[in-house]
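Take a look at the structure set out below.
Numbering (my numbering), first residue to last: 20 to 365.
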């Protein structure tokens, strides 16, 4: 990634390549499927593209390497500076929605890197998708730098710079089509499945001590059957909800999750009846509450990745959603325990 150094008044700064190596491409694929995802970030600070000088533009981006790679490969034959801020290894769009691509961090990095000694102008070019987390006038007040929002897509940056920071209508258009949503789902699914394992373990224990005198083999088979709807809930929450986002009723992500959760709970109840599994109402209610809670939480996780909300919207929705989800989950778990081993508690 580094191809040399450039001398500046504050010392040598790393020069970055504008093409991706095979290793870079492989790392990008790995991060899509959660291989070393948590370590896939770069050091914050100032980097050079080409041979920039005091008059060269300054671009600001996240320290998520996948974002950094997508940016640098579009900057061939350009001379500019890149200021990487700490977004906790999250991409610009999600970081802005969740508050880590924000005003305070930009101000801190501008001051810490002594950017004023590197360039003679007072312009900072920020990605348009980072705007929800940024207060331009506050940055101007504390750093003296004016915020200019660049185009949505990195490939439009060369033209944007060549025309003197003038953006066409197309450059400002944010698309969030089926492909854009689909790209985000594999990582979310893999991350969420880490928590799925707790469900079959709990069901296995409950089935084992339920007093039905089932053998281990039958307990395992029953546990697998009862775990399938929960696996489906994780897949639905991370895959189906994002793909069907525009057509699910309500603007609120959590309410979208509730709608799909209720539908999936009804489907699960119908399937349980067909398979002649335990049809106690308390078990059905427990399943419905837990399944809906899972899908709702996973749907809410998608807020920072979409065009449907802002940082304030995310915070507001999260604050009122989680108490209900926690309560519903607790009632669901307690109902499941009572339904499974209630007779043994009496």
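Don't be surprised by glycine CBs; every beta carbon is placed ideally from N, CA and C.
Am I right that residue 261 and residue 321 are in contact with their C-beta atoms under 8 Å? What's the rounded C-beta distance? 6 Å
Per DSSP, which one or two residues make a beta bridge with residue 23? 34
Please go through the region 329-353 and give each complete beta strand (DSSP E) segment of 3 or more residues, from N-terminal end onward. none
On the three-state DSSP scale, how would you describe residue 287? helix
For residue 222, collect the residues of the same chain with a Cβ closer than 7 Å to its Cβ; drop the 5 residues on either side in sequence, then sort them by chain order. 242, 245 and 246
Inter-residue CB distance, residue 136 and residue 28 (contact presumed, cutoff 8 Å): 5 Å
In or out: residue 193 buried (at least 16 other Cβ within 10 Å) or exposed? exposed
What residues in its chain sit with their C-beta under 8 Å from that of residue 368, if we drop five residues either side in the sequence? With the chain covering only 20 through 365, there is no way to say anything about residue 368.
Which two residues bound the contiguous alpha helix (DSSP H) that contains residue 315? 300-319
In the DSSP assignment, find the alpha helix (DSSP H) that holds residue 251 and state where it starts and stops. 235-254
Suppose the cutoff is 7 Å on Cβ atoms and the five residues either side in sequence are ignored; what does the same chain contact list for residue 89 look like? 173
Does the beta-carbon of residue 284 have 16 or more other beta-carbons within 10 angstroms, so that it is buried, or is it exposed? buried
Between which two residues does the beta strand (DSSP E) harbouring residue 122 extend? From DSSP, residue 122 is part of no beta strand (DSSP E) but of the alpha helix (DSSP H) over 122-131.
Less than 8 Å separating the beta-carbons of residue 1 and residue 110? Given a span of 20 to 365 for the chain in the structure shown, any question on residue 1 remains unanswerable.
Would you kindly check if the distance between the Cβ of residue 315 and the Cβ of residue 340 is under 8 Å? yes
So which of 161, 141 and 167 has the shortest CA-CA distance to residue 15? As displayed, the chain neither begins before 20 nor continues past 365, which places residue 15 out of reach and without an answer.
Mark residue 40 as exposed unless 16 or more other C-beta atoms lie within 10 angstroms of its C-beta, in which case mark it buried. exposed
Beta bridge counterpart(s) of residue 293 as assigned by DSSP: According to DSSP, which records beta bridges pairwise, residue 293 is partnered with nothing at all.
Please state whether DSSP places residue 29 in a helix, a strand or coil. coil
For residue 291 and residue 365, the rounded distance between their alpha carbons: Per-residue confidence for residue 365 stands at a pLDDT of 49, beneath the threshold of 50, marking its modelled position as unreliable; the derived number appears in the next sentence. Their backbone Cα atoms lie some 26 Å apart in a straight line.
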